[in-house]
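K.L.:
Provided herewith is a single structure, encoded as structure tokens, for subsequent inquiry.
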Amino acid sequence: MTKLDRIDPWRVALRLPGGGEARVYADDTLLAAMRRDRCLDQLARVAALPGLVGPAMAMPDAHQGYGFPIGGVAAFDPEDGGVVSPGGVGFDINCGVRLLATDVEAGPLGARGDGGPLADLAEAVLRRVPVGHGKRRTGVGRADLAGVLRDGAAWAVGRGLGEEADLARVESGGRLAGADLDAVSARARERGAGQVGTLGGGNHFIEVQRVERVLDEEAARRLGLAVDQVVVLLHTGSRGFGHQVCTDHVRELGRAAGRLGLRLPDRQLAAAPLGSPEARAYLGAMAAAANFAWANRQVITHRVREALAEVLGARARVVWDVAHNLAKMETHRVDGRVRRLCVHRKGATRAFGPGHPELPPELRDLGQPVLIPGSMGTASYVALGTETAMAETWGSVCHGAGRVRSRTAARKELSPDGVLRRLARAGVVVRGGSRRGLVEEAPEAYKDVDRVVAVVAGAGLARLVARLVPLAVVKG
DNA sequence: ATGTAC
Numbered sequence: 005m006t007k008l009d010r011i012d013p014w015r016v017a018l019r020l021p022g023g024g025e026a027r028v029y030a031d032d033t034l035l036a037a038m039r040r041d042r043c044l045d046q047l048a049r050v051a052a053l054p055g056l057v058g059p060a061m062a063m064p065d066a067h068q069g070y071g072f073p074i075g076g077v078a079a080f081d082p083e084d085g086g087v088v089s090p091g092g093v094g095f096d097i098n099c100g101v102r103l104l105a106t107d108v109e110a111g112p113l114g115a116r117g118d119g120g121p122l123a124d125l126a127e128a129v130l131r132r133v134p135v136g137h138g139k140r141r142t143g144v145g146r147a148d149l150a151g152v153l154r155d156g157a158a159w160a161v162g163r164g165l166g167e168e169a170d171l172a173r174v175e176s177g178g179r180l181a182g183a184d185l186d187a188v189s190a191r192a193r194e195r196g197a198g199q200v201g202t203l204g205g206g207n208h209f210i211e212v213q214r215v216e217r218v219l220d221e222e223a224a225r226r227l228g229l230a231v232d233q234v235v236v237l238l239h240t241g242s243r244g245f246g247h248q249v250c251t252d253h254v255r256e257l258g259r260a261a262g263r264l265g266l267r268l269p270d271r272q273l274a275a276a277p278l279g280s281p282e283a284r285a286y287l288g289a290m291a292a293a294a295n296f297a298w299a300n301r302q303v304i305t306h307r308v309r310e311a312l313a314e315v316l317g318a319r320a321r322v323v324w325d326v327a328h329n330l331a332k333m334e335t336h337r338v339d340g341r342v343r344r345l346c347v348h349r350k351g352a353t354r355a356f357g358p359g360h361p362e363l364p365p366e367l368r369d370l371g372q373p374v375l376i377p378g379s380m381g382t383a384s385y386v387a388l389g390t391e392t393a394m395a396e397t398w399g400s401v402c403h404g405a406g407r408v409r410s411r412t413a414a415r416k417e418l419s420p421d422g423v424l425r426r427l428a429r430a431g432v433v434v435r436g437g438s439r440r441g442l443v444e445e446a447p448e449a450y451k452d453v454d455r456v457v458a459v460v461a462g463a464g465l466a467r468l469v470a471r472l473v474p475l476a477v478v479k480g
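Each residue of the first sequence is one higher than the one before, counting from 5 in the working numbering.
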């Protein structure tokens, strides 16, 4: 049996059957939402995996996922039997968010809503970026998938789809080393070829926003953000490619469990000891999928820039690009000792604190920018990682609002017309997107992002910089 | 999230 003990207004200890504890970052309202699905049971099972270092953690946006909760953070030590688990990364490997800052203000653009320049911009983006599920082909990367998988965002920049300066503003430079093309199935390659530069469906989006409020003047200035500025937030991942990589390796690790000496309480928690051939193969394929996703966000960035130039005569810089579905080998300090750990962040964002050597020199003293999108039609946040996050969460925070309704429940309880009406009343232009996607991604299907962000800020895991509000959204 | 079911 597990028991929840509140530590402070933002932290809860989940007491585990074996005597240890997992940690939940939540206020009472968010904790109540987590207790309505299997999220906390899943967290307890993650805590029982071999070689875990520190507590398994759930961020305030956490909800039930495949194996691990979405909003889960867990680190494992290769020298202590630690594992890597595809379920701790998720199906959409390196799903992530990129923020572009334009050089125009929203005010002078005049009327909001349908018929104005923002609708024109959304339509110009939609003409250039294929959206939705299925085999949407762009041709980009089809002849050079190997380059995409090895070099990520740098592949796209090398093809003229972006600027060299973009790469400094992407986590890990937009490229994870160690991509192993031999660990990628022919089927994954087939699904991925031609999907570079496509948005996908579900919660993926390209949103034109304005900086509504600056919460830290100095940090905002350093990031090139100011009140009323038009910005673009895009959210997508590795499409069918990453999905197939996850499927392939979950199956393989499930088969290999006995040989690897793992007793898995849940097939969805398939894992392999770090250093085993199976773990190396998964990490090699995962790196390839991570690079696919970064190439994808880079190509879409280029298309959005074209649309911005055409409709608004605007230019845009990359503020930052976060990955929120990855497992990475990182150096962390544990009880005063430096250790290499495999940090799983599934629906959780890396949030390195000030001074971290992996941050670009011009931002190093600030800490790593963190992007926290809300649900469709609600606010998003720009924040910075902190020393507290480094000390408590392996430098991690939440990744968004997080679901409160399953897709099925949302379809049952909400109507597409009602969702569209509410967005129109709020003056938000919506283009693309299926009627089904509209209800599944409705604000009512998600937690309150302001409440989620208040927890990570209150706990000191992040320092808030700016609040962004939507003007026009292109949905998958 | 996902050639929305191998």
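Note that the Cβ used here is the ideal one computed from N, Cα and C, for glycine as well.
#1: For a minimum of 4 consecutive residues, which ranges assigned as the alpha helix (DSSP H) are wholly contained in the stretch 173 to 221?
#2: Look at Arg435 and Ala172 and say whether their C-beta atoms are less than 8 Å apart.
#3: Determine the DSSP secondary structure at Glu391, reduced to helix, strand or coil.
#4: Using DSSP with H/G/I as helix, E/B as strand and the rest coil, what is Glu167?
#5: Taking Cys346 as the reference, which of Ala78, Ala115, Ala197, Gly94 has the closest Cα?
#6: Hey, how far is the Cα of Ile376 from the Cα of Tyr385?
#7: Hey, how far is the Cα of Glu256 from the Cα of Tyr29?
#8: Given this structure, state the Cα-to-Cα distance separating Gly404 from Thr412, to the nearest angstrom.
#9: Ends of the alpha helix (DSSP H) at Phe72?
#10: So, are the CB atoms of Ala292 and Leu153 less than 8 Å apart?
#11: Out of curiosity, what's the CA-to-CA distance linking Asp155 and Val174?
#12: Counting along the chain, where does the beta strand (DSSP E) carrying Gly436 start and finish?
#13: Leu185: buried (16+ other C-beta within 10 angstroms of its C-beta) or exposed?
#14: Below 7 Å CB to CB, which residues in the same chain sit around Ala105 once its five sequence neighbours on both sides are set aside?
#15: Ends of the beta strand (DSSP E) at Thr106?
#16: Apart from the five residues just before and just after Glu282, which ones in its own chain have a Cβ nearer than 7 Å to its Cβ?
#17: Given 8 Å as the limit, is there contact between the stretch 178 to 194 and the stretch 442 to 462, that is, 3 or more CB pairs closer than that?
#18: Spell out the partners DSSP gives Asn329 in its beta bridges.
#19: At a cut of 8 Å, does the stretch 416 to 426 reach the stretch 362 to 377 through at least three beta carbon pairs?
#20: Judging by CA-CA distance, which residue of Val93, Thr33, Ala393 is the nearest neighbour of Val249?
#21: Check whether the stretch 129 to 139 and the stretch 330 to 340 touch, using three or more Cβ-Cβ pairs below 8 Å as the test.
#22: Given this structure, state the Cα-to-Cα distance separating Ala48 from Arg337, to the nearest angstrom.
#23: Kindly give me the distance between the Cβ atoms of Val50 and Ala37, rounded to whole angstroms, as I take these residues to be in contact under 8 Å.
#24: Less than 8 Å between the beta carbons of Ser242 and Ala297, yes or no?
#25: Can you give me the C-alpha to C-alpha distance between Leu278 and Asp45, rounded to a whole angstrom?
#26: Report yes if the C-beta distance between Pro54 and Val254 is below 8 Å; otherwise report no.
#27: Do Gly389 and Gly76 count as a contact pair if the criterion is CB distance below 8 Å?
#28: What separation, rounded to the nearest whole angstrom, lies between the Cα atoms of Val231 and Glu221?
#29: Could you check what DSSP says for Trp324 in three-state terms: helix, strand or coil?
#30: For Gly371 and Gly143, what's the separation of their Cα atoms in angstroms?
#31: What is the rounded straight-line gap between the Cα of Ala327 and the Cα of Leu237?
#32: Identify the continuous alpha helix (DSSP H) that holds Val152 and give its terminal residues.
#33: From His208 to Arg407, what does the alpha carbon distance come to, in whole angstroms?
#34: Would you list the residues sitting across from Pro59 in a DSSP beta bridge?
#35: Does the Cβ of Lys451 have 16 or more other Cβ atoms within 10 Å, making it buried, or fewer, making it exposed?
#36: Rounded to a whole number of angstroms, what is the C-alpha to C-alpha distance between Leu113 and Glu167?
P.N.:
Once the coordinates are examined:
#1: 190 to 196
#2: no
#3: helix
#4: coil
#5: Ala78
#6: 5 Å
#7: 33 Å
#8: 20 Å
#9: From DSSP, Phe72 is part of no alpha helix (DSSP H); its letter is neither H nor E.
#10: yes
#11: 13 Å
#12: Gly436 -> beta strand (DSSP E) spans 433 to 436.
#13: exposed
#14: Gly228, Leu229, Gln233, Val235, Ala320, Arg321, Val323
#15: 100 to 109
#16: Same-chain partners within the cutoff: Glu256, Leu257, Ala260, Leu264, Ala276.
#17: no
#18: Lys350
#19: no
#20: Val93
#21: no
#22: 24 Å
#23: Not quite, the Cβ-Cβ distance comes to about 19 Å (not below 8 Å), so this is no contact.
#24: Pairing Ser242 with Ala297 gives a Cβ-Cβ distance under 8 Å.
#25: Rounded to whole angstroms, the gap between the alpha carbons of Leu278 and Asp45 is 24 Å.
#26: no
#27: no
#28: 10 Å
#29: strand
#30: So the alpha carbons of these two residues sit roughly 38 Å apart.
#31: In this structure, the straight-line span from the alpha carbon of Ala327 to that of Leu237 is close to 14 Å.
#32: 149 to 155
#33: Each residue's alpha carbon lies about 14 Å from the other.
#34: Pro59 pairs with nothing; no bridge assigned.
#35: With 16 or more Cβ atoms within 10 Å of its Cβ, Lys451 is classed as buried.
#36: Their backbone Cα atoms lie some 27 Å apart in a straight line.
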